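Have a look at the structure below, then the notes.
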Amino acid sequence: MVHDDIDLSAELTHTIHFDYTQEQLNSCFRICFELWKQGVERGTLDRLLERIQKVRYLSEEEQLSYKHIRAKLKHLRFAFIVLDKKHKYPWIFHATIALMGNLQDVLKNKKHNAISRFAFLVRFFTTKPIYALSLRALKQFTPCTPESFQIYVNNEIEFIRKHLSKGAVTSKEFHEMRKVISRQVALYDNLKTLYPCSYHRDVSRFLSTINGLMGNLHDELITKKLNKAQDYYLDTFRIPDKIFCRLQVLVNKYLDKTIYP
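Numbering (this note's numbering), first residue to last: 128 to 388.
In structure tokens:
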């Protein structure tokens, strides 16, 4: 969940299908919720945040622990946007995860002036009153229908296709493309766990490879942003072939299905 295994030999031979029942989609949400409920230790997170505020530093082991906690939160966030009736995540929950990501970036890049600020904000969003509001919103999950799920995923893939046709993208646009892939990775992580088969394993492996490659490149883009070497929102670049070609294969496998009118 934290590390995407990059397997450059992974191939996508299957056409992507959407033949999932309501119960299967509901099961995907339940596994995300249980992972969050049983796997996220607020006490551990509080101690890590306190240490960051005091010394503006985490050891490699502590950074990994922090990353694992955020990954479990992100997995539940994925469940809301993909599997909830509204296809939206609770705002406070999302803001907490986003700020944790900002803190992770400045820690990794040793931007000490920004570390204290983001640590303070994350601690604020994880205080008991704010956490209670977030928990209340999480309990309001309403499952989407299989038809709504199909429409949502189709729109996500269309978003990728449109950006591939642009030739060059900004770092922000690339990040939004990677979010789509990350959500698909999370979906197939659940499916291969709940319903193991070669189809789910192969799609998961291919998606994980794309996500890992995109994640590595995005780390470089964040470093350039923090060092003011490249404008994250304005400067454009061509997506490297090893990512572009795999994204094109993925999009075509969705388009093989007669799902577009």
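Beta carbons: idealized from backbone N, C-alpha and C, even for Gly.
Model, not experiment: these values are computed from the prediction.
Comparing alpha-carbon positions, which option in Leu318, Lys238, Leu348 lies nearest Val182?
Of the listed residues, the one whose Cα sits closest to Val182 is Lys238.
Within the same chain, show all residues whose beta-carbon is closer than 7 angstroms to that of Lys352, passing over the 5 residues directly before and after it, in chain order.
Same-chain partners within the cutoff: Ser298, Tyr359.
With a CB to CB cut of under 8 angstroms and the five nearest residues on each side skipped, what residues in its chain are close to Gln149?
Closer than 8 angstroms at the Cβ level, and outside the excluded window around Gln149, lie Pro270, Thr272, Pro273.
Give the secondary structure of Pro256 by DSSP, where H, G and I count as helix, E and B as strand, and everything else as coil.
Judged by DSSP in its simplified three-state form, Pro256 adopts helix.
So what does DSSP say about Val312, is it helix, strand or coil?
Assignment of Val312 by DSSP, reduced to helix, strand and coil, places it in the helix class.
Is Thr269 helix, strand or coil by DSSP?
Of the three classes helix, strand and coil, the one that applies to Thr269 here is coil, per DSSP.
Can you tell me the Cα-Cα spacing of Leu226 and Val249, whole angstroms?
Approximately 6 angstroms between the Cα atoms of the pair.
Three or more C-beta pairs closer than 8 angstroms, one from the stretch 328–337 and one from the stretch 217–225: is that the case here?
Counting Cβ pairs under 8 angstroms, fewer than three are found: no touch.
Return yes when the Cβ of Ile366 is within less than 8 angstroms of the Cβ of Val296, no when it is not.
Their beta carbons are under 8 angstroms apart, which means Val296 touches Ile366 by this criterion.
Answer with buried or exposed for Arg174, where buried requires no fewer than 16 other C-beta atoms within 10 angstroms of its C-beta.
Label assigned to Arg174: exposed.
Helix, strand or coil, according to DSSP, for Asp211 in the structure here?
DSSP, read as helix, strand or coil, puts Asp211 in strand.
Measuring only the C-alpha atoms, how far is Gly244 from Tyr184?
Looking at the sequence provided, one finds Arg at residue 244 rather than Gly. The straight-line gap from Cα to Cα measures roughly 13 angstroms.
Quick one: give me the first and last residue of the alpha helix (DSSP H) that Asp173 is part of.
Unbroken alpha helix (DSSP H) run through Asp173: 169–182.
Suppose the cutoff is 6 angstroms on Cβ atoms and the five residues either side in sequence are ignored; what does the same chain contact list for Ile278 look like?
Cβ neighbours of Ile278 beyond the five flanking positions: none.
Looking only at C-alpha atoms, which of Val378, Ile179, Thr142 sits nearest to Gln231?
Taking Gln231 as reference, the option from Val378, Ile179, Thr142 with the minimal CA-CA separation is Ile179.
Pair within 8 angstroms by beta-carbon distance, Phe160 and Leu203
Taking 8 angstroms as the cut-off, the beta carbon of Phe160 is found closer than this to the beta carbon of Leu203.
Under 7 angstroms from any heavy atom of the ligand GDP, does the C-beta of Arg328 make it?
Only the bare structure without any ligand can be found here, which leaves the ligand GDP out of the picture.
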